[in-house]
Amino acid sequence: MPVAEDLETPARERRLAPWRDGFGSGAAAHEHRLLSAARPALPWLNWIGTFAHPLLRVPKLGWITADPRTARAVLNDPNHFTLLSEGGVGHLWAQILGDWVYELFDGAGHYDLRTRSRELFTEKTSVAFVEAAWGERMSAARKSFEAGEPLDVADLSRILVGQMVVALLGMAVPGGAADDTYRDIFETGEQLAAIALGTTSDTVLPPQKIDKARRIVERLTGHIDASFATAPVSTIIGRCRELGLSIRETKGLSTLLMVAGTETAASAMARMAALLDDTGEQHRLIADRSLTENAVREALRVTSPAPIIGRSVLADLEIAGRRLRAGERIIVLTWTANNVAGEYRIDRPYIPQNRQLWFGAGRHLCLGGPLARAELTAMIELLVGNGVGYRVVSRDYGHRVLIPAYRSLVVQKL
Ligand code: HEM
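Position in the sequence shown counted from 1, then plus 92, gives you this note's numbering.
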């Protein structure tokens, strides 16, 4: 794989250029508007992030960093940073699921869980999950798309991701379930994630939010008590059992999968479709399909669907020349860190210092990375597999959503 020269010193000039020159009307402008629609403060935070090289302290927010090396140093250091105390997602989940989360999400139990679940999503199993869960629905979408019908890629992505949840968790849905069933599952996951909205600076949940979240979790994972013993190994539940996970661990992991792997994946799929057309890169991809893997990696880099990752400082430490104190918070701005390299280019070489920061790093590195890549690859196949290409005919950004995403993105074959 070609490796880019070290882009560690793109210089402030380069980092500030888009904000200074404006985002124009192309791909960057759409991404910028999409981030604003999701959370108006997000582009500002990303902009402030351009000064957070390596670290910057922002009143009310705490420390921020958009420097890939500092980000990885934070995410790789469990002795000094945690997601369990106030300010991290673990703290949110402990209030909803119970104190056992502390052990499973970050303690020795987490290490054990990750070791045992390492094989859940390999490149091979992920391609198989996608084929099994999406094969039929993808064929139907391709048929109408090829016939020249408009296709809402954002809506289709939500349906597909809902369908993936049903397949992975072995949920009971009516035979031949319609798209609405899967949209509904997706929305349920979205509601659960929305509970985290507004928690950038505070992760203490009010009792009514905790109640609501618990009801949602029960709806999504309640069936596991009864199905655990017999679930086939083609489902995650069956595989968890085979890997020696307990029912409680399996339910906890299933909840995590729902929250971590639904909106993020759907966001990336539709945004990749927009980027491929907005930049014209789809035509280079059609001319050279061997660039598909790069096109997927670039889509993940430029969209960085989880734009921020929060941690709390556990114990005083010195990092990147700054003194951080126990109890302070730090936010890793993944979107800014990943976008410094420039716009979407399907032949951009791998960037060593960023690695795959869009999936985080260290012990909490995304468990579903291979699945997300397989999902994006399937979407590319649908859109450019005919060798002709498509154009975006209309788009609408999602407003006030946790994960920035298109509400709708209608495309049509050229
Ligand atoms: C484009 C899609 C995705 C993106 C950008 C993404 C991003 C991330 C990031 C940044 C983290 C680390 C969070 C942290 O350190 O606090 C994470 C964790 C996680 N992701 Fe993903 N994710 C994606 C898709 C998926 C999918 C499809 C699944 C599975 C169905 C999944 C399952 C998980 C799980 C279980 C964790 C928690 C890992 C742990 O705490 O040990 N993700 N993801």
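From the three backbone atoms N, C-alpha and C, an ideal C-beta is built for every residue, glycine too.
No experiment lies behind these values; they were computed from the predicted model shown.
Quiz item: Secondary structure at F237, three-state DSSP: helix, strand or coil?
Solution: helix
Quiz item: Using a threshold of 7 Å, is the CB atom of A224 nearer than that to any non-hydrogen atom of ligand 1?
Solution: no
Exercise. Just mark R36 as buried or exposed, buried being the case when its beta carbon has 16 or more other beta carbons within 10 Å.
Key: One cannot answer for residue 36 here, as it falls past the ends of the chain, which runs 93 to 506.
Quiz item: Using CA coordinates, which residue listed in E238, L212, A391 is at the minimum distance from G434?
Solution: A391
Exercise. Using beta-carbon positions only, say whether D271 and V502 come within less than 8 Å of one another.
Key: no
Quiz item: How big is the Cα-Cα spacing for L466 and V219?
Solution: For clarity, residue 466 is Ala in the given sequence; the question names Leu instead. Going by the C-alpha atoms only, they are around 5 Å apart.
Quiz item: Could you give the residue range of the alpha helix (DSSP H) that holds K301?
Solution: Looking at the DSSP string, the run of the alpha helix (DSSP H) that includes K301 is 299 to 313.
Quiz item: Below 8 Å, can you find three or more Cβ-Cβ pairs linking the stretch 484 to 503 to the stretch 122 to 137?
Solution: yes
Exercise. Please confirm whether A357 and A470 have their CB atoms less than 8 Å apart.
Key: no
Quiz prompt | Supposed close pair T207, P462 - CB separation, criterion 8 Å | solution = Incorrect: roughly 17 Å between the Cβ atoms, too far for contact.
Quiz item: Mind checking whether L494 and A286 have CB atoms under 8 Å apart?
Solution: The Cβ-Cβ distance between L494 and A286 falls below 8 Å.
Quiz prompt | 8 Å Cβ cutoff, A130 in contact with chain D | solution = Of the protein chains in this structure there is only one, and it is not chain D.
Practice problem: Check whether the Cβ atoms of D159 and A429 lie closer than 8 Å to each other. | Solution: yes
Exercise. Assign D198 to buried or exposed, taking buried as 16 or more other Cβ atoms, counted over all protein chains shown, within 10 Å of its Cβ.
Key: Counting Cβ neighbours within 10 Å, D198 comes out buried, since at least 16 surround it.
Quiz item: Hey, how far is the Cα of M230 from the Cα of E241?
Solution: 14 Å
Quiz item: Among residues of its own chain, excluding the 5 on either side of R331, which ones have a beta-carbon nearer than 7 Å to its beta-carbon?
Solution: L212, V325
Quiz prompt | Buried or exposed by the 16-neighbour rule on C-beta atoms within 10 Å, applied to V405 | solution = buried
Quiz item: Tell me which same chain residues have a C-beta within less than 8 Å of the C-beta of I302, skipping the five on either side of it?
Solution: Q187, I188
Quiz prompt | Proximity to W185 [Cα-Cα], best of V150, M350, R414, G118 | solution = M350
Quiz item: Are the beta-carbon atoms belonging to L126 and I423 less than 8 Å from one another?
Solution: no
Quiz item: From what residue to what residue does the beta strand (DSSP E) around D169 run?
Solution: Note, D169: premise wrong, no beta strand (DSSP E); not H, not E.
Practice problem: Output yes or no for whether 8 Å exceeds the beta carbon distance between L475 and A365. | Solution: yes
Self-check item: Anticipated Cβ contact below 8 Å, L284 with A318, distance rounded
Solution: With 8 Å as the limit, L284 and A318 do not qualify as a contact, their Cβ atoms being about 21 Å apart.
Exercise. Note down the Cα distance separating S177 from E279, rounded to an integer number of angstroms.
Key: For the pair S177 and E279, the Cα-to-Cα distance works out to about 28 Å.
Quiz item: Hey, out of A497, H456, E420, D369, whose CA is closest to P170's CA?
Solution: H456
Exercise. Compute the Euclidean distance between the alpha carbons of G281 and G254, then round it to the nearest angstrom.
Key: Near 9 Å, if we compare the C-alpha coordinates of G254 and G281.
Quiz item: Just reading off the alpha helix (DSSP H) that Q374 is part of, what are its end residues?
Solution: 373 to 379
Practice problem: Please look up how many angstroms separate the CB atoms of I572 and L261, rounded, as I've assumed it's under 8 Å. | Solution: No answer is possible for residue 572: the residues shown for the chain start at 93 and end at 506.
Quiz item: Could you check where the beta strand (DSSP E) with G402 kicks off and where it finishes?
Solution: 400 to 405
Quiz prompt | T101 versus N446: straight-line alpha-carbon distance, rounded | solution = Caution is warranted here: a pLDDT of 45 is assigned to T101, below 50, making its placement in the model unreliable, and the coordinate value is therefore given only provisionally. Whole-angstrom Cα-Cα distance: 13 Å.
Quiz item: Can the beta-carbon of G452 be found less than 8 Å from the beta-carbon of L167?
Solution: A contact, by the Cβ cut-off of 8 Å.
Self-check item: Residues near I438 in its chain [Cβ-Cβ closer than 7 Å; skip 5 each side]
Solution: Counting only Cβ-Cβ distances below 7 Å, and skipping sequence neighbours, we find E373, R376, L377, L383, N386, A387, E390.
Quiz item: What whole-angstrom Cβ distance do L425 and I400 have, given they're in contact under 8 Å?
Solution: 6 Å
Quiz item: At a cut-off of 7 Å, is A387 close to ligand 1 when judged by its beta-carbon and the heavy atoms of the ligand?
Solution: no
Quiz prompt | Range covered by the beta strand (DSSP E) that runs through T157 | solution = 154 to 157
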